[in-house]
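Accompanying notes for the structure given below.
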Amino acid sequence: MTQLAIIVGSVYGGAADLAAQIQEKAQDKSIEVSIFDDATLQQVTDFTTEHWLVVTSTTGQGDLPPNIEGFYHQLNDTFPMLSDTKAAVLALGDSSYGETFCGAGTLMANLLDELGCQQLMPALHIDACEHFEAINGAREWIDDLLAQL
Ligand SMILES: Cc1cc2nc3c(=O)[nH]c(=O)nc-3n(C[C@H](O)[C@H](O)[C@H](O)COP(=O)(O)O)c2cc1C
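Once you know that position 39 of the sequence shown is 39 in the UniProt record's numbering, the rest is easy, because the numbers rise by one and skip nothing.
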């Protein structure tokens, strides 16, 4: 069975809700999904290194939400080679923050790229100014992503 690890970074629950919606869609396609909130690298790699999806909002001034910071720093500190891992980033943000729009998603995408991950899909940036419900801006992208697995 195809496996997908969804690693969540969320402060107010929007990215976490979106991850749950993606999980439901994926399960309809018989993809086994595990959602990691406050993930450790070990937990995620024990589940799968095949497909990773990072769903993260941005907080502060382009900062990672606290519940994905540990995962980011473990990756950055241990620098595992992930050339067999196919990954994608779905970032939630708010364009009224200007230059730091979706900064956390960009940090994650850059790190996964440095670690050699293969890009499943170009990163998607969802703007809260445009979409009250993030799923409305992400449906097509999610369908395309799941079709690649
Ligand atoms: C205190 C605070 C700081 C934020 N900083 C940024 C930011 O720097 N860049 C950005 O794109 N969005 C920023 N946002 C917007 C959130 O990322 C956006 O509302 C997102 O949808 C929240 O998702 P969540 O419910 O998963 O936390 C900020 C929101 C708050 C409340």
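Glycine included, every Cβ here is placed at the ideal spot set by N, Cα and C. A quick note: this is a predicted structure, and the numbers were derived from the prediction, not measured.
Rounded C-alpha distance that separates residue i from residue j
i    : j    : result
A138 : I31  : 19 Å
V89  : G103 : 12 Å
N136 : V55  : 15 Å
Q43  : Q3   : 14 Å
T100 : A128 : 14 Å
G115 : F79  : Correcting the residue identity first, residue 115 is Leu in this sequence and not Gly. Their backbone Cα atoms lie some 7 Å apart in a straight line.
Burial state of residue i, where buried means 16 or more other Cβ atoms lie within 10 Å
i   : result
S10 : buried
P66 : exposed
M1  : exposed
Limits of the alpha helix (DSSP H) - the one that residue i falls within
i   : result
H73 : P66 to T78
Bounding residues of the beta strand (DSSP E) (the contiguous stretch that carries residue i)
i   : result
Q3  : Q3 to G9
L53 : H51 to S57
I35 : E32 to D37
Local conformation of residue i per DSSP, three classes
i    : result
L90  : strand
L18  : helix
D119 : Correcting the residue identity first, residue 119 is Gln in this sequence and not Asp. In the structure shown, Q119 sits in a strand (DSSP, three-state: E or B).
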